[in-house]
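Some notes on the structure that comes next.
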Amino acid sequence: MADKLFRGVFTALVTPMDEEGRVDDDALTRLVEAQISGGVHGLVPCGTTGEAATLSQAEHVHVVEVVTRAAKGRVPVLAGAGSNSTRKAIELARACKELGVDATLQVVPYYNKPPQDGLIRHFEAIADAVALPIILYNVPGRTVTNMVPETVARLARHENIVGIKDATGDLHVAAQLREQCGEAFALMSGDDFTLLPFLATGGDGVISVVSNPAPALLVSLYDAFVAGRLDEARAIHFRQLALTRLLFRDPNPIAVKAAMHMLGIGGTAVRSPLRELDLDGPLAASLRACLRDLGLPS
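Under the working numbering, think of the first position of the sequence shown as 1, with each following residue one higher.
Given below as structure tokens:
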């Protein structure tokens, strides 16, 4: 794992917004600094957690630009640039390449419900059009369409398709991906709940929601596992599960944005049709208590 660019803890960044719903550049820059200080191995702007679905294309490119500029090459930037339109995904990938990102994250097209051969054509078209590494993103809970391991293995033959974010939460799928795609293919978890068993199944790391408020905690879990300190990794895994459960009680990123607000980074605003977390409600109270228990001031 040590020689792979895409390994360890990559944070699926929230996109902080002000009270008017505009992207908060200052909060986003502070978030990047907090993540790098926490030891994360990479940053992922404009994914699901970054509310890419409700950003305009101009906002999308702007967020990637702010993150890339703030990172200053210290860690890789894996920019979300997916779409259910192949043409739009290519346009976004080209724009991200111009900004100097290290790779793009390409989600399985949503709503269209493409067949498996349609997925192959979609991702190969992007990989052919833009000379930049691609991490595939399979999240059938949001896209409806599930990209099966055989399709991923076929795509892994393309020199620009170098890994996958697997958000199925299915460890048998993870094992099949490792078996069929080989050791060189980056296998990143998209499910904080199953992080430790995912690593044990052959995974290289995680693209994490939980590392927004708790970067050092997730990094310590990964480091303990890689060092063979399995009892320590197991203890950290169970310690982070309480926070994970709270962050996903409402649809992501409602609660994680509230958590970051409690930690002094950004507001609670999310784009409609999502709605903000009630900071006077029971979930917010539980979230504050959990952050305190983890030693995170709120």
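Don't be surprised by glycine CBs; every beta carbon is placed ideally from N, CA and C. The structure presented is a predicted model; accordingly, all values stated were derived computationally and were not measured.
Going along the chain, which residues of its own chain have a beta-carbon closer than 7 Å to the beta-carbon of residue i, five neighbours each way excluded?
i: Pro149; result: Val173, Gln176, Leu177, Gln180
i: Asn84; result: Pro109, Tyr110, Tyr111, Asn112
i: Leu247; result: Val209, Val210, Ala255, Val256, Ala259
i: His122; result: Thr86, Pro109, Pro114
i: Ala89; result: Ala81, Gly82, Ser83, Gln106, Ile126
i: Ala216; result: Gly38, Gly39
i: Leu54; result: Note that residue 54 corresponds to Thr in the displayed sequence, not to Leu. Closer than 7 Å at Cβ, skipping near neighbours: Arg271.
i: His60; result: Cys46, Ala52, Leu92
i: Leu171; result: Thr194, Pro197, Phe198, Thr201
i: Thr151; result: Gln116, Leu119, Ile120
i: Pro140; result: Asn146, Thr168
Considering residue i, what are the terminal residues of the alpha helix (DSSP H) in which it resides?
i: Gly118; result: 116-129
i: Ala285; result: 282-293
i: Val209; result: Taken as a continuous stretch (DSSP letters only), Val209 belongs to no alpha helix (DSSP H), as it is neither H nor E.
i: Arg247; result: Per the sequence shown, residue 247 should be read as Leu rather than Arg. Segment 230-247, the alpha helix (DSSP H) holding Leu247.
i: Lys4; result: From DSSP, Lys4 is part of no alpha helix (DSSP H); its letter is neither H nor E.
i: Glu91; result: 86-99
i: Leu155; result: 149-155
May I ask you to report which of helix, strand or coil DSSP gives residue i?
i: Gly169; result: coil
i: Leu136; result: strand
i: Val64; result: helix
i: Gln39; result: For the record, residue 39 in the displayed sequence is Gly; it is not Gln. Gly39: coil per DSSP, three-state reduction.
i: Thr201; result: coil
i: Ala216; result: helix
i: Leu277; result: coil
i: Ile254; result: helix
i: Gly141; result: helix
i: Val342; result: Within the shown structure, residues of the chain are numbered from 1 to 298, placing residue 342 beyond reach of any answer.
i: Val44; result: strand
i: Val226; result: helix
i: Val32; result: helix
Residues in the same chain with beta-carbon distance under 6 Å from residue i, minus the five sequence neighbours each way, listed in chain order, please.
i: Gly50; result: Leu13, Thr15
i: Met1; result: Confidence is the limiting factor: at Met1 the pLDDT is only 44, short of 50, which leaves the residue's position unreliable and the question unanswerable from this model.
i: Ile207; result: Phe10, Ala12, Val44, Lys165, Met188, Gly190
i: Arg157; result: none
i: Ala153; result: Gln180, Cys181
i: Pro297; result: none
Locate the beta strand (DSSP E) running through residue i, then write down its first and last residues.
i: Met188; result: 186-189
i: Val107; result: 103-107
i: Val9; result: 8-12
i: Leu78; result: 78-80
Report all residues from its chain with a CB closer than 8 Å to the CB of residue i; omit the five preceding and five following residues, and keep chain order.
i: Val219; result: Gly8, Val9, Gly38, Gly39, Val40, His41, Ser211
i: Met17; result: Val23, Asp24, Gly266, Gly267, Ala269, Val270, Arg271
i: Ala71; result: Val32, Ile36, Leu43, Val77
i: Val144; result: Tyr110, Tyr111, Lys113
How close, in whole Å, do the beta carbons of residue i and residue j come, if the pair is a contact with beta carbons under 8 Å?
i: Val63; j: Leu31; result: Actually they do not touch by this definition, with Cβ atoms about 11 Å apart.
i: Gly80; j: Pro45; result: 6 Å
i: Leu241; j: Met262; result: So it is not a contact: roughly 19 Å between Cβ atoms.
i: Arg234; j: Leu196; result: 7 Å
i: Phe6; j: Met188; result: 6 Å
i: Asp192; j: Thr244; result: 5 Å
i: Leu155; j: Glu183; result: Actually they do not touch by this definition, with Cβ atoms about 17 Å apart.
i: Ile36; j: Arg69; result: The pair is not a contact, with the Cβ atoms about 13 Å apart (cut-off 8 Å).
i: Thr104; j: Asn138; result: About 15 Å; that fails the 8 Å criterion.
i: Arg142; j: Thr48; result: 7 Å
i: Leu283; j: Arg229; result: No, Leu283 and Arg229 are not in contact; Cβ-Cβ is about 33 Å, not under 8 Å.
i: Leu287; j: Ala214; result: Wrong, their Cβ atoms sit about 12 Å apart, outside the cutoff.
i: Ala186; j: Lys4; result: 6 Å
Is residue i near the ligand ZN, in the sense that its beta carbon is under 7 Å from a heavy atom of that ligand?
i: Arg275; result: No copy of the ligand ZN occurs in the structure displayed, which carries no ligand at all.
- prompt: Would you call the segment 90-99 and the segment 114-122 touching, i.e. three or more CB-CB distances under 8 Å?
  reply: no
task: Decide if the segment 217-232 is in contact with the segment 270-286; the criterion is three or more beta carbon pairs, one per stretch, under 8 Å apart.
output: no
query: Do three or more CB pairs link the segment 161-171 to the segment 119-137 at distances below 8 Å?
result: yes
Meets three-Cβ-pair contact criterion under 8 Å: the segment 122-129 and the segment 76-93: yes
- prompt: How do the segment 188-203 and the segment 17-37 stand: do at least 3 beta-carbon pairs fall below 8 Å, yes or no?
  reply: no
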